[in-house]
Every structure is written in C-alpha cells, then in structure tokens.
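J.: Below is one structure. I have some questions about it.
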Amino acid sequence: MGSMWEVLKIKTLVLVVLFSLACSSVRATVSYDDKAFIIDGKRRILISGSIHYPRSTPEMWPDLIQKAKDGGLDVIQTYVFWNGHEPSPGKYNFEGRFDLVKFIKMVQQAGLYVHLRIGPYVCAEWNFGGFPVWLKYVPGIEFRTDNQPFKVAMQGFVEKIVNMMKSESLFEPQGGPIIMSQIENEYGPVEWEIGAPGKAYTAWAAKMAVGLNTGVPWIMCKQETAPDPIIDTCNGFYCEGFRPNKPWKPKMFTEVWTGWYTQYGGPVPHRPAEDLAFAIARFVQNNGSFFNYYMYHGGTNFGRTAAGLFIATSYDYDAPLDEYGLPNEPKYGHLTNLHKAIKQCEPALVSSYPTVTWPGKNQEVHVFTSKSGACAAFLSNYDPTYSTKLTFQNRQYELPPWSISILPDCKTEVYNTARISSQGSTAKMVPVSGGLSWQSYSEETPSSDDRDTLAMQGLWEQVNVTRDSSDYLWYLTQVNIAPNEGFLKSGQWPLLTAMSAGHALHVFVNGKLSGTVYGGLDNPKLTYTGYVNLRAGVNKISLLSVAVGLPNVGLHYERWNAGVLGPVTIKGLNEGTRDLTKQSWSYKVGLKGEALNLDTVTGSSSVEWVQGSLLAQKQPLTWYKVGLIGERLKLDTVAGSSAAQWAQGSQLSLKQPITWYKTTFDAPDGNDPLALDMYSMGKGEMWVNDQGIGRHWPGNTAKGNCSNCNYAGMFAEKKCLGNCGQPSQRWYHVPRSWLKPTGNVLVVFEEWGGDPTKISLVKRTV
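Numbering (UniProt numbering), first residue to last: 1 to 766.
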C-alpha cells in the first residue's frame, strides 16, 4: 500500500505541474491528488453548499453566507444563469439578484471559497435549463452537441464570465475565492444517447475551458468520459461507490441532494437529516475529498424563472437553510455537528487510504491513520431495521439502524448520523395582516382585429410566437354556423376538441368561459373536450394557452414546444366534424393587463379598478390589485396598474377567472421573513412594488402517497412525502427588501378564480 501511495503521489505532482502550466501564467495555488485538495499548501477535505444568487436577494446574501460558514462550510457553490445575464443577444444584466461579482465578493469577505459552475447549461429546475430562449432561434442551432452555432454562442458566454472574474481578480491564483469551475453539466447521459457528436462536443468543451487559463481546476459532473485534466464528479442521493476516471483525481460529490424540488400537483418531498448525514459519512469514509449540498439554501423561483414541468415557486428543497434563510432544524444543526466531526478527522483522512474490516453482519469499520500518529475511525451499521453492538479495539459501540459513528481519535464517539442532539425550533407561519382592501380589473378576450395581433394560416407553436415574453398566448378564430344547423333546434350542442402540447388551456366561446384543462406531472400534453354553445352566424373561438415554465432537462432544446398544435375540431354539425386546424387563426401574445403594466406601481394606477363590495362573482379574465389583457397594458407594473380602470369595494370581482386584483399595505414591524398566504386562490402570478413574486397555484393540490417516513433504508425522491390533499404550495415569499414602510402595491393576476379577500400577509418565525 505504501509504495503504491508514493507512486500515485509522484504521478499526481507531475499532473498538477502540467495542469498549472496549461491553465495559468501565474503559479496556481490550488492543486489536488487522489486524497485531498491542496490550497496554499494545506491538504483539505472540502465541505461545500449550493446557494444560487438569483434565488434570494442581495440583502439576504450576507446572512445566508454567514449561516453557511457557521454551519461548517468551506465553499459556496453556484451555477451561472445565462438567461438571467443575457436576456437578449449582447445585452447583459449583472444587477440586483444577478450581480454575480457582488455575490462572489461577499463570499470572499466571509472567508469562504467559491465553486463556480459556469455550465452554461444548469438544469437546476430553472426555466429552459438556464439557456436564453433567443438561442433557440439562432439559424442551424442544435443544443449541447458538436454544432458550430451552439459552440460559438456557448464559448462567447463562458469567455464573458471568465473574463469578468479575471478582471475582478476573483480566481484563487489572483487572490480571489474561486478555487474551481465547472464546464457543462450532467452531460454523460446525453453523450451516451447521441454518440459520436456528443463525444466530440465533450472534448471541445474541455479543451475550450482549460484554454481559458483560469489557474484553477475544472470539473464535469456526471461525466465519466471527462478528458484530462478535467475532474469527473458524482451527483445523487448517495455516491460512496463512485470512482473518478483516473486514480490521481480526487473523489468529488458535487450534488448531495438534501431533499427534492416541489411540483404543482405533487407532494412536498422531505429527506430525513439522519439519512443525509449517513450519506455524507459513508462517502467520506470511502475516500471522499469534496462534497457539496444541493441545496444548502434553495430559495425562491421569483418571477417566471421556474422551469416546466410545473416547478413550484418555492425552491426550498428541504435544505439546511429554508426558503426564507432560516435554519431548517434539526437538519441544519445535525449537519453542523457532522462537519465538526469530519474536521476533527481531517489530518488522518487526507493522509491515507483506510483499512477496512467487516466485524459482523451489516457492519463495517474504516480506519485512517497518518505518519504523525493521527487516527480516525468510522463504524457503520448498514442494517435498516436493527441496532447493533460493534466491537472495535476492545471497546463496544452501540449503533442505531442505518447509521455511522465517527471516532476522531479511534476511541471516542463524537457523532452518530442517526442520533440527533440539536433539535432547534420549527418555523411557523403567523398572520400579521388581513382584511386588505382589494380592487379588481377584468381581463377581456381579445378580438382578431385588435392591434398587436398576428394572423396566420394554421396553428403555430406557442414559444415560437411569444419568445417566452409571457406565459400566455391567445389563439383566435371564427366559426360560421348556418341557420339550418340541426343542433340549433335539438339543443344538442356541438363538441369542441382542442389538443395542446401544454401546459394549460382556457377555452372561451363568444367571450364566455367554456372550460379549462391542464396537463399532468407525467405528461404536459392535454386535450380539451367540451360542448359549446354556438349560435347562428359568426362565433368567436378564443383559446388562451398557458405555459408554466419551459423544460430544464432533456435532448434537443431546439425542438421543444408548447401551445395548441392541434387538431382543433367541432363535432356534431350537419357536415359531421369540422376541422379548424388549418383555417386562419389570429395570435395575440400576453394579456391586456401585461400590456398595461398592471404589475407595476405606475401601471396599476393607469386603469379604473372595481372597488370593494361591487366585486362581481365568477367573471372571467380579471386582474386584482392589492395592489390578462392586463399584460399588454402592463398591469403587472406600478405604472401600468395605475393607468387602468379598477373595480372598487363592493364591486370587486370575486372568484372570477382571468382577473387582476390589487391592494396596498404597510410593511409589518420587525425582521421576520414575510410571505403571502394564497390558500384561497387558484392559479396565476403575483407582484409587489414591480417585483415578480412568482407563479401561484394553490388550486393544484398535492396527489401522492404521504405515508409515514422512516429515515432508515435507501432514500429516493418519493420516499418521504407530505402535504397530500393540500396545496403543493400555499405560502409565497415576499422579501423584506422589496417593501417600503408604507404604501406597498400588491398585484395578483388570477386565472382560475379565487377569493382575494382571504389573502393574508404572514411572517415566518422560529
């Protein structure tokens, strides 16, 4: 073992020198071997956590980073979100929640390192996987393959980010905190699927990244074929059996999934702290050098950043720090104690491979020693049902089921993954205001001769028309009914059928809502079938198609689609079935309220709202201001919502689909995080003071098996579920930094129909 260890160290030293010469014109101070990362000469086991800067506010960042440091982290990991930074070609955004440099410098000020995952494909349950939608329309493009238009665009963005980091001296050899970067993301399965073009693309991406001369290591996660010197890494719930593709590379766990994401219509996942700690300890005892919690703080999918299929606005992820930045106990405290135990073992862990023995059934012992005399032991019980007594060095240790005990001196147990000693307090939602005074603004079904409508033959794919500027696209057409149609006398209305690629569809006939249908978690495609009340003469068919985020994972992004693709038919006429698919259709992007900027403070003052008790019952297409024609009028902006006419008081349109609502409120005292309780609403979007809170969909209740949860045994995303029969997401984060002391304008757009008078502001307290 000793001689092999010396040979490996010599090979590693040579490779590190070669890596340094290839990657930097200055001496790189970040290197590695098969046992550890070496930073400024110190051998380290690195503990990392993912915090995505756009999923929280800059005002939240310092506290999140400090809590991560207090929790024992060495590194903050984040993706870089291309579509947030380059929403249109050549026009960049690095402000507010997308101020990447500011975020990295805050991490540096806290004394932590950064793992920058440039990608630029991120997955991450983020809209379109982080790709800007305009990329889909670059001529000849094919995503994530050996395709020149894609490679040119990708390299341009990667170079933009790397040069920005260099100009701010943020790479470690420059004195900055960035100790490693990532190119591409989870590409292994794609390469396997597409074959030779995928292999060529992998080789190109690796060469391109290394050629940028950052002076720090590059990784590729879930990429067994990562070319040298790129480090291949593991993502998953467990990675103890993972081995990098070369013996001189460190063993890295880039995504330890701390829980799972929530989807509208699905239950809320939970991963027990005991099992998460078990997965980490098992990885470390099997020579793990780096592990990263995905997520350490999940945050919020503000605005329209959540991906399809039906990803919730909350990205809590059951992370150690919850969506609001509060400790998620007992997980936060239990992992903090784990990190302390691992750090106590670090001198032995970075010095040798373990000696492994199996003293009994489902028992395993890993012992690490160093030349200086350091000794650390990990005692494991893999039985998911029974505790065990394990004898080690003439001492007996009691191990609960599915647990690992850590002995930093090979004698004293300082930590067991299944024994939680730090309970902490459970956060709860407490109402702070209610009885808000609401106004409403009713959205109208547009006409084919409205301005900004586009007439074309046949049905067009939704994103091709909207370019993802709105969730909404109107499909408008006309149906002529002769006076002698039999159904006019029999009363047996014709049957309208419309097939869509997703994700939801509202059907209006002559301005009245005929029905609504939406896709499911297993399949976003949908078919609307309903009898329609047609009259003699011209009838207007208006289909409001709704996209609930664009997919974030899969092949051929350039081919993905949404919206009404047909066929659209009417059955039960004298002629039998009439196919409307290829006739003339008009298209209108977005809602009137959006065009009026009703989601802004200024826009919401530009229209006349219905007040109070005049709120109508069950009226379609209404915007609520507590502050969808509303989109064109930009009712979701302060300026737009001020320019329209809103209903007041007793005229308020209650339980009306496609309605805007608004109200004003004062910020509550204190510093507790705030949220909106949207339990009484159906589906739509929310804004406060021009900021997009996100999509709400409490009307889509959680379906699944929410049985009792046992920490022991292999975990999977459907093992421990909650909230069955309840809204998948009830509360929606309102960052304190978005509020003024008084006069905050809240605007809610409601698709399905809900009761805004029951919306309340709550605070999250521990």
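Cβ atoms here follow ideal geometry from the backbone N, Cα and C, with glycine treated the same way.
1. I need the straight-line Cα distance from G520 to A312, nearest angstrom please.
2. Can you round the beta-carbon distance between V509 and N533 to whole angstroms, since I take them to be within the 8 Å contact cut?
3. Of all the options N708, L721, W752, L674, which has the alpha carbon lying nearest to the alpha carbon of S680?
4. If you scan the region 62 to 135 from start to end, which runs of the alpha helix (DSSP H) of 4 or more residues do you find wholly inside it?
5. Quick check on the DSSP output: what are the complete beta strand (DSSP E) runs of length 3 or more inside the region 361 to 439, in order along the chain?
6. Please name the residue, chosen from M252, W560, S447, A226, that lies closest to Y238 on a Cα-to-Cα basis.
7. Got a sec? Which residues, its chain only, sit under 6 Å from I10 by beta carbon, not counting five neighbours each side?
8. Which value, in whole angstroms, describes the spacing of the CA atoms of M106 and V507?
9. Report the partner residues of K540 according to the DSSP bridge assignment.
10. Nearest to A504 by alpha carbon, out of P401, N700, K571?
11. Comparing C-alpha positions only, which one of R695, A36, Q729, Q691 sits nearest to K740?
12. At which residues does the alpha helix (DSSP H) containing W218 begin and terminate?
13. Would the beta-carbon of K69 fall within 8 Å of that of G111?
14. With burial defined as no fewer than 16 other Cβ atoms inside 10 Å of the residue's Cβ, what is the status of E6: buried or exposed?
15. Can you tell me whether K763 is buried or exposed, with buried defined as 16 or more other CB within 10 angstroms of its CB?
16. Return the bridge partner residues of residue 767 from the DSSP annotation.
17. Is the CB-CB distance between T581 and I570 below 8 Å?
18. Pull up the distance between the alpha-carbon of G189 and that of D672, whole angstroms please.
19. Answer yes or no: do I47 and E274 have a C-beta to C-beta separation smaller than 8 Å?
20. Under 8 Å, with one C-beta from each stretch per pair, do the region 524 to 543 and the region 476 to 491 reach the 3-pair mark?
21. What is the rounded straight-line gap between the Cα of W438 and the Cα of V607?
22. Give me the Cα-Cα distance between P494 and S545, rounded to the nearest whole angstrom.
23. Would M1 be called buried (16 or more neighbouring beta carbons within 10 Å of its own) or exposed?
24. Leaving out the 5 sequence neighbours to the left and right, which residues in its chain are closer than 6 Å to L116 when beta-carbon positions are compared?
25. Taking the CB atoms as reference points, tell me whether V747 and W609 lie closer together than 8 Å.
26. Alpha carbon to alpha carbon, how far is P269 from W257?
27. Considering only C-alpha positions, which residue in the set E184, C234, G198 is nearest to V210?
28. Just the C-alpha distance for F749 and Q462, rounded to the nearest angstrom, thanks.
29. Between A306 and Y415, how many whole angstroms is the CB-CB distance? I'm expecting something under 8 Å.
30. So for F278, helix, strand or coil by DSSP?
31. What's the C-alpha gap between A482 and L565?
32. Kindly list the residues whose CB is nearer than 6 Å to the CB of M60, restricted to its own chain and excluding five residues on each side of it in sequence; keep chain order.
33. In whole angstroms, give me the CA-to-CA distance for T78 and F171.
34. CB-CB under 6 Å to C709, same chain, minus the five flanking residues each way: which ones, in chain order?
35. I'd like to know whether the C-beta atoms of L349 and A377 end up nearer to each other than 8 Å.
36. With burial defined as no fewer than 16 other Cβ atoms inside 10 Å of the residue's Cβ, what is the status of P756: buried or exposed?
T.: Let me lay it out:
1. 14 Å
2. 6 Å
3. W752
4. 82 to 85, 100 to 109
5. 363 to 369, 375 to 381, 388 to 392, 395 to 399, 403 to 407, 428 to 433
6. M252
7. Interpretation of I10 is limited by its pLDDT of 34, a score under 50 that renders its predicted location unreliable; no figure is taken from the coordinates.
8. 49 Å
9. Q478
10. N700
11. Q691
12. Premise fails: W218 lies in the beta strand (DSSP E), 218 to 221, not in any alpha helix (DSSP H).
13. yes
14. Note that E6 scores 38 on pLDDT, short of 50, meaning its location in the model is unreliable and no value can be drawn from it.
15. buried
16. For the chain, the structure presents residues 1 to 766; residue 767 sits outside this window and is missing.
17. no
18. Sequence inspection shows Pro at residue 189; the Gly mentioned does not correspond to that position. For P189 and D672, the distance between alpha carbons rounds to 43 Å.
19. no
20. yes
21. 14 Å
22. 22 Å
23. Its pLDDT being 40, under 50, M1 is placed unreliably in this model, and the value from its coordinates should be taken loosely. The residue in question, M1, is exposed, as its Cβ has fewer than 16 Cβ neighbours within 10 Å.
24. I178, S181
25. no
26. 11 Å
27. E184
28. 21 Å
29. That pair is no contact at about 37 Å.
30. helix
31. 27 Å
32. G325
33. 15 Å
34. C720
35. no
36. buried
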